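Reading the sequence shown from the start, the letters are residues -5 to 124 in the working numbering. Note that CB positions come from ideal geometry on N, CA and C, so glycine has one too. None of these values were measured; they are calculated from a predicted model. Contents: one structure, followed by commentary.
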Amino acid sequence: MAILRNIKKFICILILCMWIVPASYASGNGWKKNDSVGVRFICRFEEDIMEVAKADIEGMQKAIMLMQFLASAQRCVLLQSLVHFKVKEVVMGYTDFKKKNSVVLKVYNVNDESFEGFVIAHEIPKDIGI
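Dropping the structure here:
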């Protein structure tokens, strides 16, 4: 039962991780350098987030298990609350297991530009506005 509860909690956290909205959303310009990004899961190294992206293409269960492993191995961090970072660059785009466009972003800490990491976010279509 505890494992099921933890899996449900992690799924909710994963969904929150994917609900990332940039400051430029209203303008409909997609992800750009210096957009503000709310982050719940971040990896220090590009190869770790690329493994998560690969797992995200294959299925939610695989992605969740990998995220749990990377967090427990202290290679990535599951943040307790939403932390804002700035986009440094779009690393790559891909289509996730739900057939939604997603992107890997390189981000930096607003308060300490020397801290950089990598996150996954949904791609914001360029033709959408609020």
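Identify the residues that DSSP records as bridge partners of residue i: which are they?
{"i": "A49", "result": "In DSSP, A49 forms no bridge with anything."}
{"i": "K80", "result": "S30, Y102"}
{"i": "A115", "result": "V97"}
{"i": "V71", "result": "I36"}
{"i": "M86", "result": "V98"}
{"i": "E110", "result": "Y102"}
Going by C-alpha distance, which of the options is nearest residue i?
{"i": "K93", "options": "R69, K82, M54", "result": "M54"}
{"i": "I58", "options": "V101, F91, K80, N28", "result": "F91"}
{"i": "A47", "options": "V97, D29, R38, V31", "result": "V97"}
{"i": "E45", "options": "F63, N28, S30", "result": "F63"}
Determine the direct distance from the alpha carbon of residue j to that of residue i, and round the result to whole angstroms.
{"i": "K80", "j": "S108", "result": "12 Å"}
{"i": "N95", "j": "I36", "result": "19 Å"}
{"i": "A65", "j": "F112", "result": "14 Å"}
{"i": "A67", "j": "L73", "result": "15 Å"}
{"i": "A49", "j": "K56", "result": "6 Å"}
{"i": "R69", "j": "D42", "result": "7 Å"}
{"i": "Y102", "j": "E40", "result": "13 Å"}
{"i": "K100", "j": "G87", "result": "12 Å"}
{"i": "H78", "j": "I114", "result": "14 Å"}
{"i": "T89", "j": "D29", "result": "21 Å"}
{"i": "E52", "j": "G32", "result": "25 Å"}
{"i": "V71", "j": "K27", "result": "23 Å"}
Mind reading off the beta-carbon distance from residue i to residue j? Whole number of angstroms is fine, and I expect it under 8 Å.
{"i": "R34", "j": "L76", "result": "6 Å"}
{"i": "W25", "j": "V84", "result": "5 Å"}
{"i": "K82", "j": "E117", "result": "Not confirmed; about 17 Å, so no contact."}
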